[in-house]
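Data block below; observations after.
Number of protein chains: 4
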Amino acid sequence: MNTITLLIHCPDQKGIIASTTNFIQQKGGNIVYIDQHVDREQNIFFMRLEGEFEAENFSLAILHEEFESTIAKDFGMSWKVYPSEVKPKMAIFVSKYDHCLYDILGRYNSGELNVEIPFIISNHPHLGGIAKNFGIPYHHIPMTKDTKPEAEAKQLELLKSHHVDLIVLARYMQIVSGKLIGEFTNKIINIHHSFLPAFPGAKPYHSAFKRGVKIIGATSHYVTEELDAGPIIEQDIARVSHTHSVKDFIAKGRDLEKIVLSRAIKLHTDRKTMVYDNKTVIFS
Amino acid sequence: MNTITLLIHCPDQKGIIASTTNFIQQKGGNIVYIDQHVDREQNIFFMRLEGEFEAENFSLAILHEEFESTIAKDFGMSWKVYPSEVKPKMAIFVSKYDHCLYDILGRYNSGELNVEIPFIISNHPHLGGIAKNFGIPYHHIPMTKDTKPEAEAKQLELLKSHHVDLIVLARYMQIVSGKLIGEFTNKIINIHHSFLPAFPGAKPYHSAFKRGVKIIGATSHYVTEELDAGPIIEQDIARVSHTHSVKDFIAKGRDLEKIVLSRAIKLHTDRKTMVYDNKTVIFS
Amino acid sequence: MNTITLLIHCPDQKGIIASTTNFIQQKGGNIVYIDQHVDREQNIFFMRLEGEFEAENFSLAILHEEFESTIAKDFGMSWKVYPSEVKPKMAIFVSKYDHCLYDILGRYNSGELNVEIPFIISNHPHLGGIAKNFGIPYHHIPMTKDTKPEAEAKQLELLKSHHVDLIVLARYMQIVSGKLIGEFTNKIINIHHSFLPAFPGAKPYHSAFKRGVKIIGATSHYVTEELDAGPIIEQDIARVSHTHSVKDFIAKGRDLEKIVLSRAIKLHTDRKTMVYDNKTVIFS
Amino acid sequence: MNTITLLIHCPDQKGIIASTTNFIQQKGGNIVYIDQHVDREQNIFFMRLEGEFEAENFSLAILHEEFESTIAKDFGMSWKVYPSEVKPKMAIFVSKYDHCLYDILGRYNSGELNVEIPFIISNHPHLGGIAKNFGIPYHHIPMTKDTKPEAEAKQLELLKSHHVDLIVLARYMQIVSGKLIGEFTNKIINIHHSFLPAFPGAKPYHSAFKRGVKIIGATSHYVTEELDAGPIIEQDIARVSHTHSVKDFIAKGRDLEKIVLSRAIKLHTDRKTMVYDNKTVIFS
Chain A
3 MNTITLLIHC
13 PDQKGIIAST
23 TNFIQQKGGN
33 IVYIDQHVDR
43 EQNIFFMRLE
53 GEFEAENFSL
63 AILHEEFEST
73 IAKDFGMSWK
83 VYPSEVKPKM
93 AIFVSKYDHC
103 LYDILGRYNS
113 GELNVEIPFI
123 ISNHPHLGGI
133 AKNFGIPYHH
143 IPMTKDTKPE
153 AEAKQLELLK
163 SHHVDLIVLA
173 RYMQIVSGKL
183 IGEFTNKIIN
193 IHHSFLPAFP
203 GAKPYHSAFK
213 RGVKIIGATS
223 HYVTEELDAG
233 PIIEQDIARV
243 SHTHSVKDFI
253 AKGRDLEKIV
263 LSRAIKLHTD
273 RKTMVYDNKT
283 VIFS
Chain F
3 MNTITLLIHC
13 PDQKGIIAST
23 TNFIQQKGGN
33 IVYIDQHVDR
43 EQNIFFMRLE
53 GEFEAENFSL
63 AILHEEFEST
73 IAKDFGMSWK
83 VYPSEVKPKM
93 AIFVSKYDHC
103 LYDILGRYNS
113 GELNVEIPFI
123 ISNHPHLGGI
133 AKNFGIPYHH
143 IPMTKDTKPE
153 AEAKQLELLK
163 SHHVDLIVLA
173 RYMQIVSGKL
183 IGEFTNKIIN
193 IHHSFLPAFP
203 GAKPYHSAFK
213 RGVKIIGATS
223 HYVTEELDAG
233 PIIEQDIARV
243 SHTHSVKDFI
253 AKGRDLEKIV
263 LSRAIKLHTD
273 RKTMVYDNKT
283 VIFS
Chain E
3 MNTITLLIHC
13 PDQKGIIAST
23 TNFIQQKGGN
33 IVYIDQHVDR
43 EQNIFFMRLE
53 GEFEAENFSL
63 AILHEEFEST
73 IAKDFGMSWK
83 VYPSEVKPKM
93 AIFVSKYDHC
103 LYDILGRYNS
113 GELNVEIPFI
123 ISNHPHLGGI
133 AKNFGIPYHH
143 IPMTKDTKPE
153 AEAKQLELLK
163 SHHVDLIVLA
173 RYMQIVSGKL
183 IGEFTNKIIN
193 IHHSFLPAFP
203 GAKPYHSAFK
213 RGVKIIGATS
223 HYVTEELDAG
233 PIIEQDIARV
243 SHTHSVKDFI
253 AKGRDLEKIV
263 LSRAIKLHTD
273 RKTMVYDNKT
283 VIFS
Chain C
3 MNTITLLIHC
13 PDQKGIIAST
23 TNFIQQKGGN
33 IVYIDQHVDR
43 EQNIFFMRLE
53 GEFEAENFSL
63 AILHEEFEST
73 IAKDFGMSWK
83 VYPSEVKPKM
93 AIFVSKYDHC
103 LYDILGRYNS
113 GELNVEIPFI
123 ISNHPHLGGI
133 AKNFGIPYHH
143 IPMTKDTKPE
153 AEAKQLELLK
163 SHHVDLIVLA
173 RYMQIVSGKL
183 IGEFTNKIIN
193 IHHSFLPAFP
203 GAKPYHSAFK
213 RGVKIIGATS
223 HYVTEELDAG
233 PIIEQDIARV
243 SHTHSVKDFI
253 AKGRDLEKIV
263 LSRAIKLHTD
273 RKTMVYDNKT
283 VIFS
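Residue numbers (my numbering), protein chains in the order written: chain A, 3 to 286; chain F, 3 to 286; chain E, 3 to 286; chain C, 3 to 286.
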């Protein structure tokens with residue numbers, strides 16, 4: 003059996019669901035999952051659909067062409083189709099913190115994440131040993147103010163030569179350039195160690211401590227040019243009290259960061275996220 | 003516009019979604035919501051669908067008859083259709099505790115719950131004043147071991163004469179008889195003050211305290227003949243510690259109970275629950 | 003038995019705990035609760051202590067005088083003593099929303115809150131019926147831009163003539179003046195319907211919706227001159243998704259608001275809160 | 003400076019706190035933390051106290067002897083003193099699952115856990131590579147029904163020869179014998195993958211799935227002879243729905259298990275847990 007996932011969005015109008023499900027059925031497919039959402043304010047329709055086709059009479063190319071030239075055209079759809087046997091290629095960017103990296107690689111090892119990881123990039127050498135233990139190439143690309151352009155050029159070359167689909171910033175402590183963001187729109191996931199939009203930017207745990215909050219958080223989001231302002235994929239929180247120091251916030255935060263980031267990766271690579279208007283639709 | 007909600011379950015098989023959505027479209031309807039679930043172990047398909055029809059050419063009776071004799075028959079469906087303009091009639095059973103009652107009536111008053119409340123029944127007179135303040139008839143039907151059969155007969159008469167669709171046991175401290183359960187299968191919602199299946203039966207907060215748990219819970223479920231063993235609709239929890247007494251558990255529990263019960267009522271009356279195999283499917 | 007609660011803060015130094023506990027013992031008291039906190043950054047010591055004294059040989063006045071002239075003086079303490087038999091007097095300010103008011107009054111009725119409620123003040127007449135049902139005087143003091151000064155004068159007169167200790171803004175939709183804040187420093191509790199410091203000011207649910215957050219919150223805090231920037235007492239959160247409209251945020255938020263506000267009231271009236279440096283110490 | 007932590011419990015009576023704090027002060031110590039709890043039902047007093055002493059005139063042996071022969075004797079105390087510079091020796095038992103092990107070792111590496119880890123014991127060879135990466139000796143002690151007694155004898159020998167203070171069962175899939183439990187009473191921490199007391203024993207995720215719960219949990223507890231019935235240290239939960247399979251429960255559960263176990267280890271090794279009557283007091 004061939005399984006595909008369709009992600010669709012278009013102006014809301016009558017007949018989208020019926021036409022699309024009909025099309026899948028006529029092509030011999032069986033719909034095993036369908037979920038949809040309508041943004042009533044902006045009148046946009048979103049749909050995620052999984053279909054199964056028997057292998058002998060299935061051609062992704064034909065399905066793509068026919069859907070594009072009929073339904074997609076009629077309804078003005080933006081859409082993507084993902085065959086389930088193709089694993090997304092995910093590059094990981096790190097600096098010195100290892101907790102998110104361990105968490106991702108642990109899940110990767112256990113089969114929880116349906117991805118390939120062609121390499122890890124870091125501006126520091128420190129985490130090379132972990133990469134080695136998990137058998138993943140580690141590229142140490144140092145980055146100073148002066149070398150940033152050429153370092154990013156090297157990064158981009160690696161990303162392109164490996165046909166990377168997704169970049170995960172696993173506590174990567176560098177601002178990603180607009181060029182990279184432009185090439186990987188809605189394909190770079192960052193973990194920010196605060197409950198956005200509270201405490202964007204540097205040292206959020208210090209700011210949270212100073213403000214005397216009773217709950218801290220972490221936020222995974224797609225990276226956009228404006229710092230920590232991209233579409234939010236997932237958030238979670240932990241309780242704190244006056245007994246906790248900034249150091250305690252940081253320790254508790256590590257647990258949040260790794261889990262919130264890994265959830266976002268799982269959602270993205272399972273093709274359950276759609277982005278519009280700087281927000282996300284997250285299918286179940 | 004007429005809006006209807008369809009709830010369907012049947013053996014899983016190819017073509018259910020396409021056929022159903024097609025039918026709605028052919029009848030002039032627009033699908034504004036669709037969600038489905040397949041239980042892979044038991045091979046059962048579940049679907050919730052909302053459709054909008056223009057009022058002039060819509061007949062619920064015709065739609066019902068045609069769907070029943072075609073799609074529903076072909077796929078062996080169990081199904082229900084609910085026109086959105088008909089509000090479910092919900093009876094509330096209480097004893098002496100008032101926190102759940104206040105919470106339900108507050109939401110009812112604010113328009114959060116799409117129900118009619120024809121009356122409140124209690125085995126005690128205590129909460130009559132609250133009912134009066136909210137303008138809802140209150141029937142005090144005392145119940146002793148000896149008078150239970152005739153008291154239940156009175157309850158049933160009230161329920162039937164008002165065509166009640168749903169019974170909510172809002173901390174009602176009597177065991178409901180098998181007869182009533184039989185007449186209202188999957189239509190009686192109870193709130194149990196523990197995290198089921200832990201601590202069923204009487205005095206769960208005392209048992210939780212004795213066991214030294216660090217988290218307590220509340221569970222709303224459909225009532226079945228086996229005590230506290232029916233299909234779970236919703237659960238939630240609160241943290242406790244060694245500093246909390248049983249009395250503290252009870253106070254914290256009140257907050258859980260009222261919110262968990264009201265969420266279950268909302269889910270049921272929005273037609274978002276389906277029951278099978280002593281479990282629930284809860285649509286979003 | 004007479005029970006008292008001591009709240010103390012002073013510069014951190016050696017011997018505070020031993021000296022204080024010694025003093026209580028010498029006065030014939032038994033310490034039934036002690037908790038302390040040291041802010042290491044600012045070198046401030048905080049303590050909450052409950053002591054029991056046999057009634058015959060106990061004088062609050064003498065204890066106060068002796069502690070003040072010895073221990074408190076030696077260590078430079080700011081301190082307060084609260085005899086447990088004196089209930090704090092709590093005034094409630096409301097506008098039109100009733101969910102927080104119902105929640106507070108329900109807890110008050112059930113004995114969960116150890117307070118007296120001398121009256122409710124509102125700038126609208128709408129909630130007078132609820133006040134009446136609970137047997138609490140309701141003062142409707144209309145407030146327009148022009149009448150604000152004299153309306154506040156009336157409020158202040160009521161507050162003073164009833165020796166009010168605490169003001170609770172239960173979704174009171176007016177900015178409280180600096181004069182009132184000055185007279186009731188750290189004695190006015192507000193509920194803000196966001197996860198502060200995110201979304202201060204007006205329409206936080208609308209802002210949260212626009213930003214696409216996955217979690218919303220509510221924050222209870224002491225009122226200071228800067229809007230929504232006072233010391234945080236308690237916060238809690240609820241999950242939301244793309245399927246929720248602003249209206250859904252508001253409905254979910256109501257559940258948060260009422261519980262977070264009631265928790266803050268309970269903490270304050272149980273003398274478990276201390277304020278310093280625009281933060282709170284919350285004893286367990 | 004020398005820092006010590008005292009853990010005390012005894013029958014509740016007047017003067018314990020004052021006498022103890024006085025003693026510390028007279029020995030030249032400064033109390034930097036004190037927290038106490040009274041179980042009113044059983045009339046037991048618990049206290050945790052941290053004191054700082056200047057190194058020159060501090061002797062742990064003398065303090066121990068004097069406290070024992072005076073205060074401890076007078077009040078009938080069970081008590082322990084822990085000098086903070088002595089790290090507890092913690093052995094880890096594992097089988098094949100690696101998620102808890104990775105989590106513990108990651109925290110150990112980052113300095114979050116104040117322990118020594120003399121070795122890891124496993125009944126399988128699989129996780130030896132991880133141990134090696136972290137530089138910790140790994141003892142593969144196979145265990146069949148027949149070899150259990152001698153395998154346990156080997157375990158015990160290792161534990162004793164290294165003066166192990168704490169055993170952590172990090173998803174160790176063997177029942178620990180009564181002999182080992184007897185030698186390490188309240189010194190063996192297990193992680194059980196359910197919200198105890200729900201679903202003790204084998205395959206809790208399968209049972210939770212079958213029961214249709216909406217929340218799953220994990221519980222860390224001290225091991226006693228009765229399976230999964232020992233004193234609970236920490237619990238946490240995650241939401242599930244009808245869309246989750248048993249496999250999803252297991253994946254979500256992994257995140258719970260590792261965090262709940264690591265929290266329990268942290269609490270124990272920070273000397274913040276006390277056990278009585280099959281329950282725990284957890285100091286903050």
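The beta carbon of each residue, even a glycine, is placed where N, CA and C say it ideally should be.
Could you please give the first and the last residue of the uninterrupted alpha helix (DSSP H) stretch that includes residue i?
| i | result |
| --- | --- |
| residue 251 of chain E | 248-271 |
Verify the CB distance criterion: does residue i have a CB-CB separation below 8 Å to chain A?
| i | result |
| --- | --- |
| residue 192 of chain C | no |
| residue 250 of chain F | no |
| residue 45 of chain E | no |
At what residues does the beta strand (DSSP E) containing residue i begin and finish?
| i | result |
| --- | --- |
| residue 8 of chain F | 4-13 |
| residue 50 of chain C | 46-55 |
| residue 35 of chain F | 32-41 |
| residue 135 of chain A | First-last for residue 135 of chain A: 130-135, but that is the alpha helix (DSSP H), not the beta strand (DSSP E). |
| residue 93 of chain C | 92-96 |
| residue 281 of chain F | 281-284 |
Determine the direct distance from the alpha carbon of residue j to that of residue i, and round the result to whole angstroms.
| i | j | result |
| --- | --- | --- |
| residue 284 of chain F | residue 166 of chain C | 49 Å |
| residue 145 of chain A | residue 152 of chain A | 9 Å |
| residue 194 of chain F | residue 131 of chain C | 48 Å |
| residue 114 of chain C | residue 87 of chain C | 15 Å |
| residue 240 of chain E | residue 139 of chain F | 34 Å |
| residue 200 of chain A | residue 203 of chain E | 14 Å |
| residue 218 of chain C | residue 262 of chain A | 18 Å |
| residue 246 of chain F | residue 177 of chain A | 47 Å |
| residue 55 of chain A | residue 83 of chain A | 14 Å |
| residue 276 of chain C | residue 51 of chain C | 13 Å |
| residue 100 of chain A | residue 22 of chain F | 50 Å |
| residue 28 of chain F | residue 196 of chain C | 49 Å |
Below 8 Å on the Cβ atoms is my guess for residue i versus residue j; work out the distance and round it to an integer in Å.
| i | j | result |
| --- | --- | --- |
| residue 123 of chain E | residue 93 of chain E | 6 Å |
| residue 19 of chain C | residue 18 of chain E | So it is not a contact: roughly 13 Å between Cβ atoms. |
| residue 91 of chain A | residue 141 of chain A | That pair is no contact at about 15 Å. |
| residue 191 of chain A | residue 270 of chain A | 6 Å |
| residue 214 of chain A | residue 233 of chain E | 6 Å |
Are the C-beta of residue i and some C-beta of chain F separated by less than 8 Å?
| i | result |
| --- | --- |
| residue 26 of chain A | yes |
| residue 59 of chain A | no |
Does DSSP classify residue i as helix, strand or coil?
| i | result |
| --- | --- |
| residue 214 of chain C | coil |
| residue 241 of chain C | strand |
| residue 157 of chain C | helix |
| residue 194 of chain F | strand |
| residue 78 of chain F | coil |
Is there a Cβ of chain E sitting closer than 8 Å to that of residue i, yes or no?
| i | result |
| --- | --- |
| residue 104 of chain F | yes |
Residue i CB to nearest chain C CB: under 8 Å?
| i | result |
| --- | --- |
| residue 237 of chain F | yes |
| residue 280 of chain F | yes |
Could you tell me whether any Cβ in chain G is nearer than 8 Å to the Cβ of residue i?
| i | result |
| --- | --- |
| residue 32 of chain C | The structure shown contains no chain G; the protein chains it does contain are A, F, E and C. |
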